[in-house]
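Undergrad:
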Amino acid sequence: MTLQITKHFTLAEMSHSATGERMGLNNTPPADLMPNILKVCERLEQIRGHFGLPVRVLSCYRSPEVNSAVGGSPTSAHRFGLAADIVIEGVANIDLARWCAEHIADYDQVIYEFGATGWVHIGFTATTTPRKQLLSAAKESGRTVYHGGIERA
Ligand SMILES: [Zn+2]
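Going letter by letter, the sequence shown gives residues 63 to 215 in the numbering used here.
1. For A163, which residues in the same chain have their Cβ closer than 6 Å to its Cβ, ignoring the five residues on either side in sequence?
2. In whole angstroms, what is the alpha-carbon distance linking C103 and T68?
3. Whole angstroms is fine: what's the gap from I150's alpha carbon to G211's?
4. Classify M76 as buried or exposed, calling it buried when 16 or more other Cβ atoms lie within 10 Å of its own Cβ.
5. What number of angstroms, rounded off, separates the C-alpha of G177 from the C-alpha of R105?
6. For a test of your reading of the model: does the CB of S121 fall under 7 Å from any non-hydrogen atom of ligand 1? Yes or no.
7. On a Cα-Cα basis, can you pick out the residue from R110, E127 and F186 that is closest to E83?
8. Determine contact between the stretch 112–123 and the stretch 139–157, defined as no fewer than three beta-carbon pairs at a distance below 8 Å.
9. Whole angstroms are fine: how far does the CA of F186 sit from the CA of D168?
10. Would you mind reading off the limits of the beta strand (DSSP E) that contains H121?
11. Here's a check: name, in chain order, each residue in its chain whose Cβ is nearer than 7 Å to the Cβ of S79, leaving out the five neighbours to either side.
12. Rounded to whole angstroms, what is the Cα-Cα separation between N98 and F142?
13. Is H140 a contact residue of ligand 1, with contact defined as CB to any heavy atom under 7 Å?
14. For W181, which residues in the same chain have their Cβ closer than 8 Å to its Cβ, ignoring the five residues on either side in sequence?
15. Would a check of beta-carbon distances place P116 closer than 8 Å to chain C?
16. Rounded to whole angstroms, how far is the Cβ of E213 from the Cβ of S203, which I believe are closer than 8 Å?
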C-alpha cells in the first residue's frame, strides 16, 4: 500500500533514496517527522500547480544512515524531512529555483545545485524563522562550494 501524503506525493517518493536502496539502508521516517514531510509536500503541490508538470523528488527525508552515506551535513534539513531536492522535466533548474524563491513564502533555503544538470534544493524550518537564503552550489576542484544568490554555473 502506498501512503499518499498529498494529492501528488507519496511517502514512498518522499523517503526514497537511491543510495540508501543500493546500500540496503533503512530510510523510513519516524512518525514525529511526518508533519515536516507534509509541509514539504504542500509546498511541492504549490510548485506543481504553477508549472502544471510533475515534480520529481530526488531526495526528501534522509535517515542518519542515509545522510552520512551521501555525505550530508548532520544538520541538513533533509535529516528532518524539511527539504526536497527536485527537478521538473521541461523546466530549467534556474527558472525553477527563481520561481520558488519568488513565490514560496516561507522557504528557509533555495539552492540552485550544480547548474542545468543538477537540481533545486528547497528547505523549510519547523519552528524557527526561515532565513530566506538563496545559494548556488558548484563543484570547484572536486569540492562543493556555495555562492550567494542564484546564478548560472
Ligand atoms: Zn537538498
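Where is the CB? At the ideal position from N, CA and C, for every residue including glycine.
TA: Quick answer:
1. V172 and L196
2. 6 Å
3. 21 Å
4. buried
5. 22 Å
6. yes
7. E127
8. yes
9. 7 Å
10. With the sequence shown as reference, residue 121 is identified as Ser, and His is not the correct amino acid for it. Per DSSP, S121 belongs to the beta strand (DSSP E) from R118 to S121.
11. N89, S121, R124 and V128
12. 7 Å
13. yes
14. L120, D147, I148, V149, N155 and E175
15. Note that chain C does not occur in the displayed structure, where there is just one protein chain.
16. Contact doesn't hold; Cβ gap of about 19 Å is too wide.
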